[in-house]
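Heads up: the structure comes next, in structure tokens.
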Amino acid sequence: MEDTTQYFDKYEENLQREILKMCSSLGMLDGELLASEDIDFKWKEWAPEYIAVALPEVNNYPDFAIACAGYAGMAAAHWWDEDWGRHHSAEFDSLLGPRGFDDMDEHIVQKILGLTLDSVEAKQIMNILLCCAQKASTFIRHEQIEHQTVKAFHIFARTVKVMFRTGAALELKRLGYKFQKVDLNRQLPS
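When you line the sequence shown up against our numbering, it's residues 64 to 253, in that order.
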């Protein structure tokens, strides 16, 4: 089991590194994965429900099934910035659109992020998440995993976790967050 866990950990690290590199090269991130423990915890809460609705879509719409985790991450980050006290208990169902999972992306962009679908920002978000999902799909194919196996399930779960964290980082960056070096040895004014 230890070897299996290490395999999945390495897969997740490599995928996250490559997606971060791609997002940074496109100017969407700055080489750092912005994150918050609150947001990461939200994924742990939402992941079982997300996987339950996304997994059946993988065969017909693999990129969409993967990309929507990025939208979920953006929603969590947006709510974290807006008013986490009010939104921290948001249920997974609040991410779904009128057609359920089928229009989750549009629902999040319009109703949670507050963007019109034809806006430059919305198109940029949709393009970067599609690129990330396509990169993730390529990563999965390179693993040459037999479909509908336990290993395939775990790879999918790790992949959508990476997408969630990437979506959260993209939204935090869009909202103006950044890592800033702090000099802990600096003397404070008296």
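Where a beta carbon is used, it is the ideal one built from N, C-alpha and C, also for glycine.
When rounded, the separation of the alpha-carbon atoms in F71 and S99 is 22 Å. Considering only Q250, G177 and K214, the residue with the shortest C-alpha distance to L238 is G177. Put simply, the backbone Cα of T229 is about 21 Å away from that of Q69. Assignment of G94 by DSSP, reduced to helix, strand and coil, places it in the coil class.
For F227, the enclosing alpha helix (DSSP H) begins and ends at V213 to R237. Nearest C-alpha to I114 among K236, F216, D93 and R249: F216.
Counting along the chain, K186 sits inside the alpha helix (DSSP H) bounded by residues V183 to H205. In the three-state DSSP reduction, G177 falls in the coil class, being neither helix nor strand.
A130 places its beta carbon 7 Å or farther from that of L78. Rounded to whole angstroms, the gap between the alpha carbons of L83 and A220 is 18 Å. DSSP links G163 through a beta bridge to G160. By the Cβ rule, the region 89–99 does not count as touching the region 154–164, because fewer than three pairs are nearer than 8 Å. The straight-line gap separating the alpha-carbon atoms of S87 and I188 is approximately 14 Å. Scanning its chain for C-beta atoms nearer than 8 Å, with the 5 sequence neighbours on each side dropped, one finds no residue around Q250.
Take E209, set aside five residues on each side of it, and the residues of its chain with a beta-carbon closer than 8 Å to its own are A215, in chain order. Distance between A231 and G133, taken at the CA atoms: about 7 Å. Exclusion of the five residues before and after V172 leaves Y134, L178, L180, A185, I188 and M189 as the residues of its chain whose Cβ lies within less than 8 Å of its Cβ. Sorting A196, K236 and Q211 by C-alpha distance to the C-alpha of G90 places K236 at the top. One Cα belongs to W106, the other to L118, and the distance between them is close to 16 Å.
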